[in-house]
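**Q** Protein chains in written order, with this note's numbering: chain L, 159 to 543; chain U, 443 to 787; chain D, 179 to 262.
Note that CB positions come from ideal geometry on N, CA and C, so glycine has one too.
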């Protein structure tokens with residue numbers, strides 16, 4: 159696969175790893191927050207940590223759209239599917255996420271709700287075309303990357319007068335979440351979360367460009383390197399961050415230049431702003447209410463807004479009390495700090511969203527790193543080196 | 443009654459409740475469709491139970507229910523799959539398969555032409571494998587209570603003397619061999635699944651592995667473990683073995699064969715080929731000293747051409763399967779929770 | 179977040195659609211989000227949409243930069259007098 163295999167090359171990985179070892183100052187720790195779950199996934203999936211010196215640490219951020227969706231919104235989606243007898247189309251990622259009382263879409267489906275997993279909004283539109291006598295709702299989640307495809311779907315539905323199609327919009331914005339973390343007391347005052355630099359989002363940035371991060375670098379004095387999702391991208395970007403930190407710089411650098419430009423994808427941005435507008439406030443799991451951090455469908459397209467079309471009841475949505483997802487999403491705690499981790503909460507019976515999504519820190523710890531400390535001590539590890 | 447050539451009307455029509463009712467329609471269906479295709483001397487006895495001689499020695503028996511959507515897929519269909527699947531389960535005990543049985547649950551309204559295609563495909567698979575289907579059963583359920591057709595097959599086989607193949611015989615130091623590329627079956631199925639469609643030349647690897655197993659056992663009778671990595675893929679199979687024997691495993695990602703198209707489809711859908719189903723591959727554990735010899739025998743067989751040594755068994759009470767990744771890091775290869783779903787993030 | 183993969187545009191179709199190939203795997207996707215998609219372009223595919231073109235020049239530049247990380251290290255080693 160062109161533009162994929164080259165960025166997983168073992169020799170090149172070794173080269174970068176050696177450079178990091180040379181340049182990282184053993185007298186200090188480098189705390190790098192990878193905002194994106196995609197980076198978390200790559201770090202675990204490829205064992206990137208094994209190639210890094212001990213003092214280069216990754217702090218996992220909240221950049222997993224599945225993880226940050228508050229339980230209330232998921233409960234609403236389940237209700238729309240069950241109560242209003244619609245065909246609810248969802249990305250596969252949402253299927254197993256537990257809502258209140260562990261109710262997930264996959265459970266609702268088993269109980270008879272018409273829930274269909276789709277790969278694309280194009281498929282959801284097709285389902286709407288093929289079922290003119292049914293209401294078809296697309297459960298839209300995701301960051302700036304996933305928003306433009308939803309915008310195209312709404313425009314297409316309008317053009318084709320697909321009256322039975324609507325969108326339950328949960329699109330959220332990356333820069334507001336990063337800002338929120340940087341302004342949180344844990345980072346600003348308490349110092350419980352040490353962040354020396356950020357691996358910036360890859361595919362989000364392909365849409366919004368690298369400019370929106372300038373503010374953070376400037377205002378908070380933290381270096382940002384926009385990094386691709388392949389393992390060598392992550393390593394090279396870590397090296398670039400280490401160099402900035404060593405030199406006392408805090409700039410926005412772009413490692414992922416093959417896809418990310420400074421202005422981003424203007425056509426996609428235009429489509430998004432045609433269809434969506436800012437919500438004054440939106441609740442994030444883990445971060446709480448974050449002002450201007452999400453999008454809603456504009457009045458012009460209200461006909462396609464599932465929130466307007468389908469009434470949902472007031473409900474007491476709640477997460478499992480001792481679930482540490484919120485703290486984990488802020489980088490305050492590690493999955494292994496959670497009492498539920500690996501005991502009652504596993505990917506087989508997840509209590510929180512971080513254990514479901516393949517980008518969730520808990521799922522990554524469990525799937526790729528269970529008993530890791532023990533494994534490190536075992537002779538296996540020596541054999542690998 | 444025979445004058446109206448029931449066969450032709452059958453093949454134009456659909457399954458109805460009468461086909462499972464025990465009356466004439468059922469008898470016609472059995473004669474015209476099942477017996478005609480599957481005919482062999484034991485089935486043709488025509489009794490409710492098949493009568494046959496068994497060889498001396500240890501027998502193994504395995505049963506497997508087959509449900510799949512779509513019923514017809516690139517490289518096979520539910521018919522051939524139901525034969526291969528059970529033959530492989532028998533073969534993974536180190537056994538030579540002798541006989542098969544087949545039970546059908548048909549949904550009212552299922553086209554008889556499709557049923558005939560499926561039965562013909564079963565017949566061909568059984569003939570190619572040299573293992574007859576000696577008895578069977580058919581039931582019909584009301585429309586909406588089935589998914590076209592479900593097939594349960596049972597296989598009987600005999601294990602050669604001195605062959606002791608079992609998961610708990612996995613021991614540290616043994617080599618792990620894989621008979622070929624992983625993920626072909628799962629990707630072929632996914633490519634035809636509604637709302638996911640993509641084009642690929644990849645076909646299901648559905649195949650009967652017993653002749654490959656026979657060659658392997660002849661060369662190395664001391665083979666410790668044989669498994670076919672079906673549902674849950676290679677990862678699930680290795681974890682099952684590791685857990686039942688209380689050992690760990692260490693794999694090298696670069697040695698695990700994955701066809702470029704399978705890798706590409708997995709990248710596109712966010713899947714990991716380690717968890718994607720196979721229907722014509724086997725995993726084998728044997729003493730390290732026998733590994734090269736066994737590998738050569740596997741490579742000489744058409745179903746083992748791409749065989750590879752993919753890792754080794756190590757000591758680990760936790761029963762962890764670990765893998766050195768493409769870039770040289772280390773990761774755990776865990777079980778999968780439920781079905782692997784395509785993802786966007 | 180945001181699983182996306184570079185694929186090559188092999189055919190442009192009506193309604194802002196295109197066929198892309200990822201090795202031997204072909205899929206129809208929407209190119210409504212990119213300006214002037216052309217056959218042979220590599221595009222980043224996310225949930226059935228091309229998000230952005232992939233720049234071949236920038237890709238080689240990044241790979242060169244990665245290799246340079248090693249050059250620097252080799253030079254350092256030479257200075258230190260240690261052979262690899």
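Using a Cβ-Cβ cut-off of less than 7 Å, give me the residues of the region 669 to 694 of chain U that come near chain L, in sequence order.
**A** 690 and 692
**Q** Using the Cβ count rule (16 or more neighbours within 10 Å means buried), how would you classify residue 498/U?
**A** Taking the second chain and counting its residues from 1, the one referred to as residue 498/U is at position 56. Counting C-beta atoms within 10 angstroms of its own C-beta, residue 498/U has fewer than 16 neighbours from the protein chains shown and is therefore classed as exposed.
**Q** Give a yes or no on contact between the region 511 to 526 of chain U and the region 610 to 618 of chain U, applying the rule of three or more CB pairs nearer than 8 Å.
**A** no
**Q** Could you work out which residue in 674/U, 629/U, 727/U and 563/U is closest to residue 658/U when comparing CA atoms only?
**A** In the second chain, the residue the question calls residue 658/U occupies position 216. The shortest C-alpha separation from residue 658/U is found at 727/U.
**Q** Can you look up residue 306/L in the DSSP assignment and give me helix, strand or coil?
**A** By one-based count along the first chain, residue 306/L stands at place 148. Helix at residue 306/L.
**Q** Do you know how far the Cα of residue 488/U is from the Cα of residue 713/U?
**A** As a first step, residue 713/U is located in the second chain; it is residue number 271 there, counting from the start. As a first step, residue 488/U is located in the second chain; it is residue number 46 there, counting from the start. Their backbone Cα atoms lie some 48 Å apart in a straight line.
**Q** Expressed to the nearest angstrom, what Euclidean distance is found between the alpha-carbon atoms of residue 631/U and residue 418/L?
**A** Numbered from 1 along the second chain, position 189 holds the residue referred to as residue 631/U. Numbered from 1 along the first chain, position 260 holds the residue referred to as residue 418/L. Those two C-alpha atoms are separated by around 35 Å.
**Q** According to DSSP, residue 442/L sits in a beta bridge with which residue or residues?
**A** The residue given as residue 442/L occupies position 284 in the first chain. In the DSSP output, where bridge partners are listed per residue, residue 442/L has 446/L.
**Q** For residue 234/D, count the other beta carbons within 10 Å of its own beta carbon; 16 or more makes it buried, fewer makes it exposed. Which is it?
**A** As a working mapping, residue 234/D is identified with position 56 in the third chain. Residue environment: residue 234/D is assigned as exposed (fewer than 16 neighbouring CB atoms within 10 Å of its CB, all protein chains considered).
**Q** Quickly, what does DSSP pair residue 474/L with across the bridge? List them, please.
**A** As a first step, residue 474/L is located in the first chain; it is residue number 316 there, counting from the start. Paired residues: none, contrary to the question.
**Q** Are the region 714 to 723 of chain U and the region 598 to 613 of chain U touching by the rule of at least three beta carbon pairs closer than 8 Å?
**A** no
**Q** Against residue 201/D, what residues of chain U qualify as contacts under a CB-to-CB distance less than 7 Å, listed in chain order?
**A** The sequence position of residue 201/D within the third chain is 23, counting from 1. Within 7 Å Cβ-Cβ: 702, 703 and 706.
**Q** Please classify residue 437/L: does DSSP put it in a helix, a strand, or coil?
**A** As a working mapping, residue 437/L is identified with position 279 in the first chain. The answer is coil: DSSP assigns residue 437/L none of H, G, I, E or B.
**Q** Leaving out five residues before and five after residue 688/U in sequence, what residues of the same chain have Cβ atoms less than 8 Å from its Cβ?
**A** Looking up residue 688/U in the second chain gives position 246. Once the five neighbours on either side are set aside, the close Cβ partners of residue 688/U are 759 and 761.
**Q** Can you tell me the Cα-Cα spacing of residue 189/L and residue 214/L, whole angstroms?
**A** Numbered from its first residue, the first chain carries residue 189/L at position 31. Numbered from its first residue, the first chain carries residue 214/L at position 56. Roughly 6 Å between the two C-alpha positions.
**Q** Indicate whether at least one CB of chain L lies closer than 8 Å to the CB of residue 586/U.
**A** Here residue 586/U corresponds to residue number 144 of the second chain, with the count starting at 1. No, its Cβ sits nowhere closer than 8 Å to a Cβ of chain L.
**Q** Taking a cut of 8 Å between CB atoms, which residues from the region 212 to 226 of chain D lie near chain L?
**A** 212, 213, 220, 222, 224, 225 and 226
**Q** At 3 residues or longer, and completely inside the region 309 to 360 of chain L: list those beta strand (DSSP E) runs for me, N to C.
**A** 323 to 329 and 355 to 358
**Q** Buried or exposed: residue 720/U, going by 16 or more other Cβ atoms within 10 Å of its Cβ?
**A** Counting from one through the second chain, the residue named residue 720/U turns up at place 278. Buried, by the Cβ-count rule.
**Q** Please state whether DSSP places residue 597/U in a helix, a strand or coil.
**A** Residue mapping note: residue 597/U aligns to position 155 of the second chain, counting from 1. When DSSP states are grouped into helix, strand and coil, residue 597/U belongs to the strand group.
**Q** Per DSSP, which residues does residue 657/U bridge with? Please list them.
**A** One-based indexing of the second chain puts residue 657/U at position 215. For residue 657/U, which the question treats as bridged, DSSP gives no partner whatsoever.
**Q** So, at 6 Å on beta carbons, what are the nonlocal neighbours of residue 538/U in its own chain, with the 5 sequence-adjacent residues on each side left out?
**A** As a first step, residue 538/U is located in the second chain; it is residue number 96 there, counting from the start. The residues are 599 and 600.
**Q** Rounded to whole angstroms, how far is the Cβ of residue 398/L from the Cβ of residue 383/L, which I believe are closer than 8 Å?
**A** In the first chain, residue 398/L corresponds to position 240, counting from 1. In the first chain, residue 383/L corresponds to position 225, counting from 1. About 5 Å separates the two Cβ atoms, so the contact holds.
**Q** Please list the partners that residue 767/U has in chain L, where partner means a Cβ-to-Cβ separation under 7 Å.
**A** In the second chain, the residue the question calls residue 767/U occupies position 325. Under the 7 Å cutoff, chain L gives 204 and 205.
**Q** Candidates 506/U, 454/U and 740/U: which alpha carbon is nearest residue 530/U's?
**A** Your numbering for residue 530/U matches position 88 in the second chain. The shortest Cα separation from residue 530/U among 506/U, 454/U and 740/U belongs to 506/U.
**Q** Using the Cα positions of residue 204/L and residue 784/U, report the straight-line distance between them to the nearest angstrom.
**A** Within the first chain, numbered from 1, the residue matching residue 204/L stands at position 46. Within the second chain, numbered from 1, the residue matching residue 784/U stands at position 342. The straight-line gap from Cα to Cα measures roughly 20 Å.
**Q** Our contact map puts residue 444/L next to residue 483/L with C-beta atoms below 8 Å; I'd like the distance itself, whole angstroms only.
**A** Taking the first residue of the first chain as position 1, residue 444/L is located at position 286. Taking the first residue of the first chain as position 1, residue 483/L is located at position 325. Confirmed, Cβ separation roughly 6 Å.
**Q** Quick check on residue 188/L - is its C-beta less than 8 Å from some C-beta in chain D?
**A** Sequence index remark: in the first chain, residue 188/L carries index 30 (1-based). Output row for residue 188/L: interface = no.
**Q** Output, in sequence order along the chain, the residues in the region 634 to 651 of chain U whose CB is closer than 7 Å to any CB in chain B.
**A** Of the chains in the structure shown, none is chain B; the protein chains are L, U and D.
**Q** Name the DSSP beta bridge partners of residue 544/U, please?
**A** The residue labelled residue 544/U in the question sits at position 102 within the second chain. DSSP lists 578/U and 595/U as partners of residue 544/U.
**Q** So does the region 281 to 299 of chain L actually touch the region 407 to 414 of chain L, counting three or more Cβ pairs closer than 8 Å?
**A** Short answer: they don't touch.
**Q** Using DSSP with H/G/I as helix, E/B as strand and the rest coil, what is residue 778/U?
**A** On the second chain, residue 778/U is found 336 positions in, with the first residue counted as 1. If DSSP states are grouped into helix, strand and coil, residue 778/U belongs with coil.
**Q** One question on the structure: do residue 550/U and residue 458/U come within less than 8 Å of each other, judged by their Cβ atoms?
**A** As a working note, residue 550/U is residue 108 in the second chain. As a working note, residue 458/U is residue 16 in the second chain. The answer is yes: Cβ separation under 8 Å.
**Q** To the nearest angstrom, how far is it from the Cα of residue 722/U to the Cα of residue 763/U?
**A** Sequence index remark: in the second chain, residue 722/U carries index 280 (1-based). Sequence index remark: in the second chain, residue 763/U carries index 321 (1-based). Rounded to the nearest angstrom, the two C-alpha atoms are 22 Å apart.
**Q** Have a look at the DSSP bridge pairing and note the partners of residue 454/L.
**A** Stepping through the first chain from its first residue, residue 454/L is reached at position 296. Looking at the DSSP assignment, residue 454/L forms a beta bridge with 435/L.
**Q** Nearest CA to the CA of residue 360/L: which residue from 371/L, 467/L and 350/L?
**A** In the first chain, the residue the question calls residue 360/L occupies position 202. Among 371/L, 467/L and 350/L, the Cα nearest to that of residue 360/L belongs to 371/L.
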